[in-house]
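So the structure is just underneath, and the comments pick up after that.
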Amino acid sequence: MVRQKGEFQIRWKTDLPYRWAIGKLAVKYFEELKKRKIMGSKCPKCGKMYMPPRGVCADCFVEMTVDDMVELSRKGTLMGFTVVNYPFVDPNTGAMRPFPYGYVICQLDGADTYLMHFCDEIDHTKFKIGQRVEAVFCDELPKDHESYRPELKGDIYDIPFIRLLKDEEV
Amino acid sequence: MPKHDVAIVGIGQTKFRSKRRDVNIPEMIYEAVKAALDDANLEIKDIDALLIGNMDHFEGINFSELWTGIDACGFYLKPVVKIATGGTTGSSLGISGYYNIASGIYDKVLVVGWEKLNEGGATTGIITAFDPVWERPSLAGALGPLALMANIYASKYGIERSMEASADVVVKNRSNAANNEFAHLQMPNITTDFVMSSQMISYPLRLHDCCPQSEGACAVIYANENEAKKITDNPAWFKGVSTAHYYTFGCDDIMYNLPTATIASKKIYKKVGIKDPIKDLDVAEIYEPTSWAELAWTEALGFCDFGKGHTLLDEGISKMGGEMPVNPSGGVLSTNPIGATALVRFAEAAIQIMGRGGKRQVPDAEVAMGMGFGGSLWTELCILGKDPKPVR
Amino acid sequence: MSDDKRVFEGRIKVPYKHTAGAYVEKFLTEIGQNRKIMGVKCPKCKKVFVPPKMVCFECFEKMEEWVEVGNQGTLKGFTVVTHKTDVMPLKPPFAYGIIRLDGADTDIVHLIKESDPNKLKAGMRVEASFYAKPRKRILDIEYFKPI
Ligand SMILES: [Zn+2]
Ligand SMILES: [Zn+2]
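Protein chains in written order, with the working numbering: chain Z, 1 to 170; chain P, 1001 to 1392; chain A, 2001 to 2147.
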């Protein structure tokens, strides 16, 4: 292709390091996650249970503290699903994010908000809205699984994905 | 209470394309600004203030107001404000333009939205807008969550019916785009079969259920009642604006039915005296990033009952020639330069009121709605008309 | 990785393209091929802009007349950088200068290859030194040196 005049482009790659303070409730969440506990935060005024936990109930504009954190089930209900099947650069790594991957929104038992996360299923005919799902911990996976880690570290990769529960597991 | 009536008196758009490699960012914006000034027969010295917006991280530039405000808009030593609110950037600009005039602060303002999406990427840029700890690792830009919303919508109202209706939306909007020289995707002969056999990119969204990534700019000139009179005898008047924000985290609600659109539309209908939007509005330019979104958004805006979005198409109501055409310009499914997109909705609503739509004109349009929808699931609305008074 | 559990360390890493536009392309091409520094002249106020841009921001006029300006100019101001960070184009100490090229009406900020602040003076004459193998970048003018 002959390039037209005026089509000159400069290419570069932004690569910036950041250190984000995650907040008191998230610190507690990850401490408890290391003990295999999934914690939400409950608004002291309206009782709404937030998962992930956070410092303020937006509905009431009331503060929540670590004392308002409550353990939730690792099981929940599937609200919606998709299979991401398009290429894009992942800004966390600067490389293409591998695809296809399952991507779900689910509600853990006891929570009033929803969780969007990876799912290990990539065949869209296998999902059924309303079905039971479970958060998977990295140390429970087969050793050759790409997300396997021998122990929980108290970070976001402790729960690498959500899995669909089979009828007989419910 | 507003101190002044507010009118749109000049509009300039670039032709939207997937790539504009012939111009850099200020040069591209200048095209739209010059067109808007020529349209209103004004010079840049006549304008009091500039509102400009885009999403900087889509192009990897920061502080764009510094060089686009001056090099593209000639705002040397004059007031410039940059606004960036995701998909609603254009409508936040459009509504801020209204506030600046209505409050009496300025007589004439220039409002400019732009994006050059091929220089970075929308999906990658959008991911960086979300929470680094909880959301960025799995988020796939806007389409992943929009697919989840479509999926929930379809499961509620029937997947087969929703799939056909969503393909009808694409055919309607892209056929309309063929009447709009500024629209990005020109696919005059598009069919539902073509849409429904395109590649599945995020179930249930197929490639042609989704908006493109566009490059271009839109510039709009606002004036108060005294100035508008001097500029044109045919302005588009603001009857009202409204906005609703409803979000703390990406997953606090399923949001498939866009609650902010219901809240914002109820507010503006009350303000403007609208009882039945289909009868009281003549045309609407809404922000539908996917085909499914038009079904859900038209329901949330009260154009029909929940789950009945398809009836607007089946009965021809939202098509050209129908009772209330939706997106005569081709909508977001045909053109999406994100920072400009919602401003284009306001501008196209104004074009309809001014009767300057050419082949995309809705005959005798007297009341028009423009809608912005954004990454934070916000809704921002305007209702324009031949006069600034409420409908009733 | 930080040991501080209150902090999440991450990155934003994204590839970008920037369309430079025909004005910038001509400017960089003339430097690379002919070692000429070109500006554009406003048809209304007659100011010459270097680096060139499409619109005169004071007159809001499109500019189309190209003029060559000198490779020499006057140093209007400078600073000497002594603190080292990863993103510096040269090893400190070095200087940044504001330079008005002969025949131009705008200033250009560029590197000055002189690390002794005592030898630099506002008002002194400087000359462009060109990079041996041009890469169509602004650093094809590698630096300015005091004459
Ligand atoms: Zn509460
Ligand atoms: Zn000039």
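Quick reminder that beta carbons are idealized off the backbone N, C-alpha and C, glycines included.
Just so it is clear, the structure is predicted and the values come from calculations on it, not from any experiment.
By DSSP's criteria, residue i is part of a beta bridge. Which residues make up the other side?
i                  : result
Met-116 (chain Z)  : Z:Ile-105
Met-1369 (chain P) : P:Ala-1284 and P:Ile-1383
Phe-2130 (chain A) : A:Ile-2141
Lys-2041 (chain A) : A:Val-2048 and A:Glu-2065
Gly-1357 (chain P) : DSSP output for Gly-1357 (chain P) lists no bridge partner at all.
Glu-71 (chain Z)   : Z:Met-39
Trp-20 (chain Z)   : A:Phe-2008
Leu-1051 (chain P) : P:Val-1081 and P:Val-1111
His-2110 (chain A) : A:Gly-2097
Leu-78 (chain Z)   : Z:Cys-106
Lys-1116 (chain P) : P:Glu-1215
Leu-164 (chain Z)  : Z:Val-133
Phe-1238 (chain P) : P:Leu-1384
Gln-1013 (chain P) : P:Cys-1218
Pro-2015 (chain A) : Z:Lys-13
Met-1200 (chain P) : P:Arg-1206
Ala-1007 (chain P) : P:Ala-1223 and P:Trp-1237
Kindly indicate if chain A contains any beta-carbon less than 9 Å away from that of residue i.
i                  : result
Ala-1350 (chain P) : no
Leu-16 (chain Z)   : yes
Gly-1121 (chain P) : yes
Lys-13 (chain Z)   : yes
Arg-19 (chain Z)   : yes
Val-2 (chain Z)    : In this prediction, Val-2 (chain Z) scores a pLDDT of 47, lower than 50, which makes its location untrustworthy; no coordinate-derived value is stated.
Asp-1039 (chain P) : no
Gln-9 (chain Z)    : yes
Does the CB of residue i have a neighbour CB from chain P at under 9 Å?
i                  : result
Glu-134 (chain Z)  : no
Ile-2031 (chain A) : no
Val-95 (chain Z)   : It is Ala, not Val, that sits at residue 95 (chain Z) in the sequence shown. So, not an interface residue.
His-2018 (chain A) : yes
Ile-38 (chain Z)   : no
Ala-1967 (chain A) : Outside the displayed span of chain A (2001 to 2147) sits residue 1967 (chain A), for which this structure offers no information.
Lys-2053 (chain A) : yes
Phe-2060 (chain A) : yes
According to the neighbour-count rule (16 or more other Cβ atoms, all chains shown, within 10 Å of its Cβ), is residue i buried or exposed?
i                  : result
Arg-36 (chain Z)   : exposed
Leu-1343 (chain P) : buried
Val-1332 (chain P) : buried
Val-2 (chain Z)    : Confidence at Val-2 (chain Z) is low in this model, with a pLDDT of 47, below 50, so the placement of that residue should be treated as unreliable; the coordinate-derived value is given next. So Val-2 (chain Z) counts as exposed.
Asp-123 (chain Z)  : exposed
Cys-119 (chain Z)  : buried
Gly-2123 (chain A) : exposed
Met-2054 (chain A) : buried
Cys-1211 (chain P) : buried
Ser-1018 (chain P) : exposed
Val-1367 (chain P) : buried
Arg-1020 (chain P) : buried
Glu-169 (chain Z)  : exposed
Trp-12 (chain Z)   : exposed
Met-64 (chain Z)   : buried
For chain Z, find out if any of its Cβ atoms is closer than 9 Å to the Cβ of residue i; answer yes or no.
i                  : result
Tyr-1203 (chain P) : yes
Ser-1138 (chain P) : yes
Arg-2006 (chain A) : yes
Pro-1145 (chain P) : yes
Pro-2015 (chain A) : yes
Thr-1085 (chain P) : no
Cys-1251 (chain P) : yes
Ile-1152 (chain P) : yes
Can you find a C-beta in chain D that's less than 9 Å from the C-beta of residue i?
i                  : result
Phe-2057 (chain A) : Protein chains Z, P and A are contained in the structure displayed, whereas chain D is not.
(message) Would the region 1174-1188 of chain P count as touching the region 1064-1082 of chain P if we require 3 or more Cβ pairs under 8 Å?
(response) no
(message) Three or more C-beta pairs under 8 Å: does that hold for the region 1147-1161 of chain P against the region 2037-2048 of chain A?
(response) no
(message) I'd like to know if the region 7-23 of chain Z and the region 2003-2010 of chain A are in contact, where contact means that at least 3 CB-CB pairs between them fall below 8 Å.
(response) yes
(message) I'd like to know if the region 145-152 of chain Z and the region 1003-1013 of chain P are in contact, where contact means that at least 3 CB-CB pairs between them fall below 8 Å.
(response) no
(message) Closer than 6 Å between the C-beta and any heavy atom of ligand 1: which residues qualify, listed along the chain?
(response) Listed by chain position, these are Z:Cys-43, Z:Lys-45, Z:Cys-46, Z:Lys-48, Z:Cys-57, Z:Asp-59, Z:Cys-60 and Z:Val-62.
(request) Decide yes or no for the touch test of the region 1263-1274 of chain P against the region 1342-1360 of chain P: beta carbon pairs closer than 8 Å, at least 3 of them. (result) no
(request) Check whether the region 56-70 of chain Z touches the region 92-105 of chain Z, counting contact only when three or more Cβ pairs, one atom from each stretch, lie closer than 8 Å. (result) no
(request) Considering only heavy atoms of ligand 2, list every residue whose Cβ is less than 6 Å from one of them, following chain order. (result) A:Cys-2042, A:Lys-2044, A:Cys-2045, A:Lys-2047, A:Cys-2056, A:Glu-2058, A:Cys-2059 and A:Glu-2061
(request) Assess, as a yes-or-no matter, whether the region 1320-1335 of chain P is touched by the region 1281-1290 of chain P under the definition of 3 or more beta carbon pairs within less than 8 Å. (result) yes
(message) Below 8 Å, how does it come out for the region 1200-1208 of chain P and the region 1217-1226 of chain P: are there three or more Cβ pairs, yes or no?
(response) no
(message) Does the region 1102-1109 of chain P come into contact with the region 2079-2088 of chain A, if we say contact requires no fewer than three beta-carbon pairs (one atom in each stretch) closer than 8 Å?
(response) no
(message) Counting beta carbon pairs with one atom in the region 1232-1242 of chain P and one in the region 1122-1139 of chain P, are three or more of them shorter than 8 Å?
(response) no
(message) Quick check: the region 160-168 of chain Z against the region 124-134 of chain Z, are at least 3 beta-carbon pairs closer than 8 Å?
(response) yes
(request) Determine contact between the region 1092-1100 of chain P and the region 1022-1036 of chain P, defined as no fewer than three beta-carbon pairs at a distance below 8 Å. (result) no
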